[in-house]
């Protein structure tokens, strides 16, 4: 069913819950909000908002599904294959299938970004 | 292949071209930039940035594929089914399959938003 998740400000949305990843060695300070996910039942894709705390990082991942990333706030460093690049507001990152990738917060405020995945990977 | 499209500011990106829709009765003042599309070859989804000029609108559409929309700037009015809602920065709109939908700019600056579609619809 169609839906609008209204932005309440501060990257918080009506009808969207906040999930923190449990502390583990592979990542640090990462939270996720599912903006379009299982609740909406989109057949083909899911849309998440991630935040990484200052000094934090996402796990070093490599998998069959692609990512589409749009940076919304903060200063990040993205590893794509063997190449590291800095990213900030508006930068678009396409992570192709099986490309090793990792996001790090290299700034003083939270690093926030949208991340699209195929729907069939939404539990993966 | 993985790629970064760096934001040059003003919602313009390196390696991304600007396409205007030809003037027609069904829409007014709409342009699109394919941020992740045929050039990147993402298997499952495509990501576009749309702008609608003040006073403009997108066509009234209804189709099998779903949309995921994230408003980036301006003031819009979205029609979902028979319901109209105003939207602004950060609001997320999920348009389910076959839901009639239309976006209008009701503000004084361009209305800019991200729009995700399934990859197999990227030429539709």
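Residue numbers (my numbering), protein chains in the order written: chain A, 106 to 229; chain B, 106 to 229.
Backbone N, C-alpha and C fix where the C-beta goes; we use that ideal spot for every residue, glycine too.
Next item on the list: Starting from residue 219 of chain A, trace the beta strand (DSSP E) both ways and give me its first and last residue.
Entry: 216-223
Check: Do residue 148 of chain A and residue 171 of chain B have their C-beta atoms closer together than 8 Å?
Finding: yes
Next item on the list: Select from the region 149-162 of chain A all residues with a C-beta closer than 8 Å to any C-beta belonging to chain B, and list them in chain order.
Entry: 149, 150, 152
Notebook entry, point to check: Is the CB of residue 223 of chain A under 8 Å away from at least one CB in chain B?
Noted result: yes
Next item on the list: Below 8 Å CB to CB, which residues in the same chain sit around residue 106 of chain B once its five sequence neighbours on both sides are set aside?
Entry: 145, 146
Margin query: Taking 8 Å as the cut-off, does the region 194-204 of chain B touch the region 165-182 of chain B (at least 3 CB pairs, one atom from each stretch)?
Written below: yes
Next item on the list: Please state if the CB of residue 162 of chain B and the CB of residue 133 of chain B are separated by a distance shorter than 8 Å.
Entry: yes
Next item on the list: Give the secondary structure of residue 138 of chain A by DSSP, where H, G and I count as helix, E and B as strand, and everything else as coil.
Entry: strand
Next item on the list: Assuming residue 224 of chain A contacts residue 202 of chain A (C-beta within less than 8 Å), just tell me the rounded distance between them.
Entry: Not quite, the Cβ-Cβ distance comes to about 16 Å (not below 8 Å), so this is no contact.
Item checked: residue 181 of chain A - partner residues in DSSP beta bridges -> A:192, A:210
Next item on the list: Return the chain-ordered ranges of every alpha helix (DSSP H) run that is complete within the region 148-178 of chain A and spans a minimum of 4 residues.
Entry: none
Check: Going by the beta-carbon positions, is the gap between residue 156 of chain B and residue 116 of chain B smaller than 8 Å?
Finding: yes
Notebook entry, point to check: Does DSSP put residue 129 of chain B in a helix, a strand or coil?
Noted result: strand
Checklist line | Separation of residue 207 of chain B from residue 182 of chain B, as counted between CA atoms | finding: 8 Å
Note to self: Using CA atoms only, rank isn't needed, just tell me which of B:131, B:130, B:136, B:129 is closest to residue 122 of chain B.
What the structure shows: B:136
Check: What three-state label does DSSP hand residue 197 of chain A in the structure shown?
Finding: strand
Notebook entry, point to check: Rounded to whole angstroms, how far is the Cβ of residue 151 of chain A from the Cβ of residue 222 of chain A, which I believe are closer than 8 Å?
Noted result: 5 Å
Margin query: Give me the DSSP bridge partner(s) of residue 114 of chain A.
Written below: A:117
Note to self: Between A:164, A:114, A:154, A:141, which has its C-alpha nearest residue 128 of chain A's C-alpha?
What the structure shows: A:164
Note to self: Out of B:110, B:189, B:192, which one is the CA nearest neighbour of residue 153 of chain B?
What the structure shows: B:110
Next item on the list: Would you identify the three-state DSSP class for residue 144 of chain B, choosing helix, strand or coil?
Entry: coil
Next item on the list: Measure the alpha-carbon distance for residue 185 of chain B versus residue 220 of chain B and round it to whole angstroms.
Entry: 15 Å
Next item on the list: Output, in sequence order along the chain, the residues in the region 188-199 of chain A whose CB is closer than 8 Å to any CB in chain B.
Entry: 190, 192, 193, 194, 195, 196, 197, 198, 199
Next item on the list: Quick one: residues in its chain with C-beta nearer than 6 Å to the C-beta of residue 120 of chain B, no 5 flanking neighbours on either side, listed in chain order?
Entry: 110
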